[in-house]
Ligand code: KG4
Ligand code: ZN
């Protein structure tokens, strides 16, 4: 274990991520500068099952992990003995998948005598906003929109969060994936709904979600059910459904509320900076809408580039660096956890 005086401001961290169907490794410096960011995905192996099959994902991680880590080190031009720490996602995610990354990182840290940093995948998505953005500092309001989480958070400091609101049931990405299935679109649903939505109109009014100036919570289960009911009712009446209009109307209903509540949260906290993260932040409609609303109000907006919104290891390195500065190291008893607190 290293002591505080040995902590380096420009620490170089190898980060490893294996919580779902992406095996990823990255080398980053000072939590912001990306030297390499490698990903291998087993996504195509899951398509015929309509969602991620945990066993298949875990086997794919086992096959990919050493290749991905070697490639991240090689592309960055670093040897293990030149690193300052190894960060790894320990949760939340699929247990068997997480265990591959955790075990690999533990073995590597032990063998190379490097400190091990335990990273929450959820916090990683929030920390992605710091990547390539040396000027971004708390406080700001963060929108977290992924397949597992939906929340509006007041980031007071790098590790000091106040959750202003979150989903009471399904996450927004989960709703995209479930609605995609009903529209016979392949997994992953989000990008496929976005594509189909471009051919449609926002012509169907789905019921509004948890309204109110100071209500920052979300409920995507109701919206999903409204879409399913709309399709079933039309089918029962023998009417044809315009799938592109359903996709477009659902996308608007799902995203507008995220944007509105994030803007309202910035107003409540009197901050002029918003940052966002999570797979759904790759959505073009969300990005454009959030940009437009922030511009109107002179709010500075930080959106990670699309590839840093969806699962990657650079974001684990960004959050790993915050853990590093906090002296929050793990020992060889580190275990994978399916759920972690936000
Ligand atoms: O953050 P992420 O990669 O994984 C976690 O859940 O942590 O998010 C995956 C989610 C999936 O539900 C996927 O459908 C959604 O993000 N997603 C999108 C888009 N790209 C990914 N949703 C809407 N539009 C997109 N372009
Ligand atoms: Zn994720």
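Numbering (this note's numbering), first residue to last: 31 to 372. Note that the Cβ used here is the ideal one computed from N, Cα and C, for glycine as well.
Go through its chain and collect everything with a Cβ distance to residue i's Cβ below 6 Å, but skip five positions before and after it.
{"i": "residue 105", "result": "66"}
{"i": "residue 257", "result": "209, 280"}
{"i": "residue 99", "result": "55"}
{"i": "residue 45", "result": "56, 117, 343, 346, 347, 350"}
{"i": "residue 112", "result": "none"}
{"i": "residue 311", "result": "175, 339"}
{"i": "residue 75", "result": "86"}
{"i": "residue 198", "result": "247, 249"}
Which residues bound the beta strand (DSSP E) around residue i?
{"i": "residue 359", "result": "Run containing residue 359: none; DSSP gives neither H nor E here."}
{"i": "residue 47", "result": "42-47"}
{"i": "residue 16", "result": "In the structure as shown, the chain starts at 31 and stops at 372, and residue 16 therefore has no counterpart that could be examined."}
{"i": "residue 330", "result": "330-332"}
{"i": "residue 307", "result": "303-307"}
{"i": "residue 59", "result": "52-59"}
{"i": "residue 338", "result": "Element bounds for residue 338: not the beta strand (DSSP E) but the alpha helix (DSSP H), 336-339."}
{"i": "residue 115", "result": "115-121"}
{"i": "residue 181", "result": "180-187"}
{"i": "residue 343", "result": "Element bounds for residue 343: n/a, residue is neither H nor E."}
{"i": "residue 175", "result": "170-175"}
{"i": "residue 149", "result": "146-150"}
Out of the options, state which residue places its alpha-carbon closest to the alpha-carbon of residue i.
{"i": "residue 339", "options": "120, 152, 205, 278", "result": "152"}
{"i": "residue 226", "options": "349, 239, 211, 133", "result": "211"}
{"i": "residue 169", "options": "354, 40, 305", "result": "305"}
{"i": "residue 116", "options": "141, 127, 124", "result": "141"}
{"i": "residue 70", "options": "337, 269, 303, 114", "result": "337"}
{"i": "residue 38", "options": "114, 50, 108", "result": "114"}
{"i": "residue 109", "options": "297, 330, 171, 42", "result": "42"}
{"i": "residue 247", "options": "139, 294, 213", "result": "294"}
{"i": "residue 240", "options": "214, 265, 284", "result": "284"}
{"i": "residue 124", "options": "53, 291, 111", "result": "53"}
{"i": "residue 270", "options": "198, 334, 179, 213", "result": "213"}
{"i": "residue 58", "options": "107, 321, 129", "result": "107"}
{"i": "residue 82", "options": "204, 367, 198", "result": "204"}
{"i": "residue 362", "options": "143, 74, 97, 96", "result": "143"}
{"i": "residue 73", "options": "218, 130, 96, 101", "result": "218"}
{"i": "residue 327", "options": "301, 308, 311", "result": "301"}
{"i": "residue 236", "options": "244, 249, 195", "result": "249"}
{"i": "residue 93", "options": "134, 80, 272", "result": "134"}
{"i": "residue 64", "options": "335, 366, 367", "result": "335"}
{"i": "residue 154", "options": "321, 176, 366", "result": "176"}
{"i": "residue 369", "options": "150, 122, 179, 198", "result": "122"}
{"i": "residue 201", "options": "244, 254, 186, 191", "result": "254"}
{"i": "residue 299", "options": "40, 191, 80", "result": "191"}
{"i": "residue 80", "options": "185, 207, 245", "result": "207"}
Beta-carbon within less than 7 Å of residue i's beta-carbon, same chain only, minus the 5 sequence neighbours each way: which residues are those?
{"i": "residue 229", "result": "274"}
{"i": "residue 31", "result": "Confidence in residue 31 is poor, its pLDDT being 49 and thus under 50, which makes the residue's placement unreliable; the coordinate value appears in the next sentence. For residue 31, where only same-chain residues beyond five positions count, the Cβ hits under 7 Å are 145, 359."}
{"i": "residue 364", "result": "120, 132, 136, 146, 148"}
{"i": "residue 352", "result": "61, 157, 188, 189"}
{"i": "residue 232", "result": "278, 279, 282"}
{"i": "residue 216", "result": "77, 222"}
{"i": "residue 127", "result": "48, 49, 50, 84, 87, 88, 91"}
{"i": "residue 193", "result": "181, 183, 372"}
{"i": "residue 13", "result": "Given a span of 31 to 372 for the chain in the structure shown, any question on residue 13 remains unanswerable."}
{"i": "residue 356", "result": "189"}
{"i": "residue 234", "result": "260, 275, 276, 279"}
{"i": "residue 366", "result": "120, 121, 125, 128, 129, 132"}
Once the 5 residues before and after residue i are set aside, which same chain residues still bring their CB inside 8 Å of it?
{"i": "residue 160", "result": "61, 62, 166, 348"}
{"i": "residue 163", "result": "62, 332"}
{"i": "residue 324", "result": "293, 304, 330, 331"}
{"i": "residue 286", "result": "319"}
What first and last residue would you give for the alpha helix (DSSP H) that runs through residue i?
{"i": "residue 102", "result": "84-106"}
{"i": "residue 140", "result": "125-142"}
{"i": "residue 321", "result": "314-326"}
{"i": "residue 75", "result": "73-76"}
Hey, does residue i have any beta-carbon neighbour from chain E nearer than 8 Å?
{"i": "residue 168", "result": "Annotation note: the requested chain E is absent from the structure, which comprises a single protein chain."}
Regarding residue i and the ligand MN, is the C-beta to nearest heavy atom distance less than 7 Å?
{"i": "residue 151", "result": "Ligands present in the displayed structure are limited to the ligand KG4 and the ligand ZN, and the ligand MN is not among them."}
### Query
At what residue ranges does the segment 190-275 contain a whole run of the alpha helix (DSSP H), taking only runs of 4 or more?
202-212, 219-227, 250-266
#### Entry: Nearest-residue set for the ligand KG4, Cβ under 5 Å from any heavy atom
176, 177, 178, 203, 206, 207, 218, 219, 220, 221, 224, 308, 309, 310, 312, 313, 340, 341
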